[in-house]
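In what follows, a structure is listed as structure tokens, so that the remarks can point back to it.
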DNA sequence: AAGTATACCAACCGCGAGCGC
DNA sequence: GGCGCTCGCGGTTGGTATACT
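Residue numbers (the UniProt record's numbering): 1 to 197.
Here it is as structure tokens:
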């Protein structure tokens, strides 16, 4: 079987760290043609890189509004909660953290939070606790939420009914960790935005 | 100061889904 | 319906920086 086109040609393509010059070329082409058809973007930019490498570079580093630097306590808290809810759905989690990338969150989780959580793992729920059916059902709809969000048909978080703190993130300061209300609101948000029951 | 271990992050890889022909 | 192309995702790897002995 012929090699899949999405695979990078290991012999021909540039590999390893991106140079400032490559970044500049890529950004210029994307400015003109937009962040799509990555293979043709790579070709137009004259980069000896495969399309998916260009996409990754754009998504994780060159995109506007990328937030660099330390992850705040609030962001960390949100990541932990979303991970509890969604598991390793990094892109979905990243979608709830403006300016953060899935790769960054995944790295952060693997290097910081997974250890932290193992250390601090305490039973948060009683042994008799059961996840409400409504929550279970709606979690399944997160795939649709993510898709619509990616398609750009969703509203931004800023448009939502959620209130944000001064730095643009959820304020959990007054929340009871055992309270499922937050999760319900999280799910209700998508119901409101996207109209599925 | 040198060697080693660990942490962190960028990039790569393989797979599956969606789409058009 | 089958096939190829493209894209996006999650897991993994590898390089560099920092901490430790």
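Just so it is clear, CB atoms sit at the ideal spot from N, CA and C, and this is done for glycine as well.
Remember, predicted model here, so these are calculated numbers, not experimental data.
Query, Result
"C-beta atoms of residue 19 and residue 59 nearer than 8 angstroms", "no"
"Residue 18 - DSSP class collapsed to helix/strand/coil", "coil"
"Under the three-state DSSP convention, the category residue 45 falls into", "coil"
"Residue 78 and residue 97 closer than 8 angstroms at C-beta", "yes"
"When 53, 113, 29 are compared against residue 44, the one with the closest alpha-carbon", "29"
"Reduced DSSP secondary structure (H/G/I, E/B, other) of residue 70", "coil"
"The region 69–89 touching the region 105–112, judged by at least three CB pairs closer than 8 angstroms", "yes"
"Rounded C-alpha distance that separates residue 39 from residue 90", "24 angstroms"
"Cα-Cα separation, residue 99 to residue 26", "20 angstroms"
"Closest by C-alpha distance to residue 94, when choosing among 116, 66, 114", "66"
"Residues of its chain near residue 16, where Cβ-Cβ distance is below 8 angstroms and the 5 sequence neighbours each way are ignored", "none"
"Proximity to residue 53 [Cα-Cα], best of 113, 92, 23, 70", "23"
"Terminal residues of the alpha helix (DSSP H) in which residue 51 lies", "51–57"
"Selected residue, minimal CA-CA separation from residue 81, among 114, 68, 61", "114"
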